[in-house]
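Encoded as structure tokens, the structure appears first; notes follow it.
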Amino acid sequence: MCPFWRRSSENLSTQKEKEILRRLYDSGVCAIGFEGGEPLLRKDLPEILAYSRSLPLHTSLITNGTLLKSRVDEIAPFVSGIVFVSLDGMEKTHDRIRGVNGCFKRAIEGITAAKNKVSVNLNTTIMAENVHEVEDMVRLAKDLGIKIVLSVAHEYHDADAPAPQTSEIQKAAQQLIELKKKGYPIMNSTNYFRVIAKEKGWKCKPWSIINIGTDGRLVLPCYVHNQYETGVSVFENGIRAATSSFDWEVMQDCVKCNLHCYVEPSLVLSWDLRSWADWIFPNKA
Ligand SMILES: C[S@@+](CC[C@H](N)C(=O)[O-])C[C@H]1O[C@@H](n2cnc3c(N)ncnc32)[C@H](O)[C@@H]1O
Ligand code: SF4
Numbered sequence: 017m018c019p020f021w022r023r024s025s026e027n028l029s030t031q032k033e034k035e036i037l038r039r040l041y042d043s044g045v046c047a048i049g050f051e052g053g054e055p056l057l058r059k060d061l062p063e064i065l066a067y068s069r070s071l072p073l074h075t076s077l078i079t080n081g082t083l084l085k086s087r088v089d090e091i092a093p094f095v096s097g098i099v100f101v102s103l104d105g106m107e108k109t110h111d112r113i114r115g116v117n118g119c120f121k122r123a124i125e126g127i128t129a130a131k132n133k134v135s136v137n138l139n140t141t142i143m144a145e146n147v148h149e150v151e152d153m154v155r156l157a158k159d160l161g162i163k164i165v166l167s168v169a170h171e172y173h174d175a176d177a178p179a180p181q182t183s184e185i186q187k188a189a190q191q192l193i194e195l196k197k198k199g200y201p202i203m204n205s206t207n208y209f210r211v212i213a214k215e216k217g218w219k220c221k222p223w224s225i226i227n228i229g230t231d232g233r234l235v236l237p238c239y240v241h242n243q244y245e246t247g248v249s250v251f252e253n254g255i256r257a258a259t260s261s262f263d264w265e266v267m268q269d270c271v272k273c274n275l276h277c278y279v280e281p282s283l284v285l286s287w288d289l290r291s292w293a294d295w296i297f298p299n300k301a
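Mapping of the sequence shown onto this note's numbering: residues 17 to 301, in sequence order.
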């Protein structure tokens with residue numbers, strides 16, 4: 017579904033990872049989400065998270081959840097933000113999309129083991145294969161006693177994750193707005209759903225997120241345009257120097273993706289009052 021695992025790159029050493037975190041912090045970054053690949057595969061993850069917290073960076077994690085049950089006690093003390101557990105549908109759909117039987121069950125066991133030790137959220141990518149299950153996913157989050165955040169899949173050229181048809185996205189967006197109104201624990205802003213339904217325009221501010229690949233290269237301007245193919249090493253050039261010399265003007269009318277991690281901060285940074293209100297009062301759609 018995502019193309020990034022196909023990249024052939026070595027993991028950096030623990031020291032190098034820490035150096036990246038230090039450089040990010042020194043360049044003004046205040047929050048980080050460890051994504052991967054799969055972050056829980058790294059044995060030194062607790063040490064990296066501990067360093068992140070010590071800077072201090074607001075620290076979150078995005079995981080497939082299969083190792084969460086066995087590793088939650090090691091990581092929980094250093095996650096000040098959220099452990100996002102990706103579930104791309106109900107059991108059969110998720111296992112089929114991820115290509116591993118039993119991974120839904122393991123993710124649920126992980127969530128159950130972790131939710132009283134650290135803040136846990138469901139993280140669902142809406143694709144053609146699971147768009148009919150968005151309501152089930154929201155109800156599942158409620159039953160688990162956690163929140164959910166949803167995003168529409170981007171069709172990377174070398175990934176097998178077809179996005180739903182526009183009409184299907186519009187129907188799902190309407191369902192999600194209604195569920196949010198009813199008080200279901202949906203983290204997205206209502207305006208995100210309006211954006212994906214094409215009821216609302218937005219201006220991307222890709223500079224609000226700095227991505228760094230596993231090899232320590234900056235992924236500019238965003239991972240949709242870059243797909244982790246090229247970039248400046250953070251060890252050679254300063255992060256601020258690289259980001260400030262990039263021609264962001266070229267990107268200002270881009271609406272190529274509808275990824276929530278770019279749309280939501282862009283709405284907030286555009287002083288979209290409705291989005292601000294949504295963050296302050298999450299269930300008053
Ligand atoms: C790339 S994964 C890496 C972290 C971790 N291994 C996991 O499974 O969550 C992070 C998130 O990207 C989402 N994702 C994968 N393919 C995508 C696509 N084509 N468009 C948008 N999001 C995608 C996944 O559903 C997952 O929630
Ligand atoms: S809309 Fe998506 S693809 Fe375009 S600049 Fe923003 S994040 Fe990148």
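Every residue gets a Cβ at the ideal spot worked out from N, C-alpha and C, and that includes glycine.
This structure is a prediction, so every number in the text was calculated from the model and none was measured.
Report yes if the C-beta distance between residue i and residue j is below 8 Å; otherwise report no.
i	j	result
residue 278	residue 222	yes
residue 96	residue 110	no
residue 101	residue 142	no
residue 127	residue 116	no
residue 33	residue 64	yes
residue 191	residue 151	yes
Do you know offhand how far residue i's Cα is from residue j's?
i	j	result
residue 187	residue 165	17 Å
residue 47	residue 270	24 Å
residue 79	residue 121	14 Å
residue 231	residue 82	24 Å
residue 262	residue 237	8 Å
residue 104	residue 140	5 Å
residue 196	residue 181	22 Å
residue 282	residue 99	22 Å
residue 55	residue 62	10 Å
Beta strand (DSSP E) containing residue i: first to last residue?
i	result
residue 74	74–79
residue 50	47–50
Please confirm whether any heavy atom of ligand 2 lies closer than 7 Å to the CB of residue i.
i	result
residue 74	no
residue 271	yes
residue 241	yes
How is the alpha helix (DSSP H) around residue i delimited, first residue to last?
i	result
residue 282	276–285
residue 235	Per DSSP, residue 235 belongs to no alpha helix (DSSP H) and is neither H nor E.
residue 230	Where residue 230 is concerned, there is no enclosing alpha helix (DSSP H), given that its DSSP letter is neither H nor E.
residue 242	239–242
residue 266	It is not in any alpha helix (DSSP H) - residue 266 carries neither H nor E in the DSSP assignment.
Considering only heavy atoms of ligand 1, does any lie closer than 7 Å to the CB of residue i?
i	result
residue 145	no
residue 167	yes
Within the stretch 80–110, ranges of the beta strand (DSSP E) (whole runs, at least 3 residues): 99–102
In chain order, each alpha helix (DSSP H) run of at least 4 residues that lies wholly inside the stretch 165–231: Counting whole runs of 4 or more residues, the stretch 165–231 contains the alpha helix (DSSP H) stretches 182–197 and 206–212.
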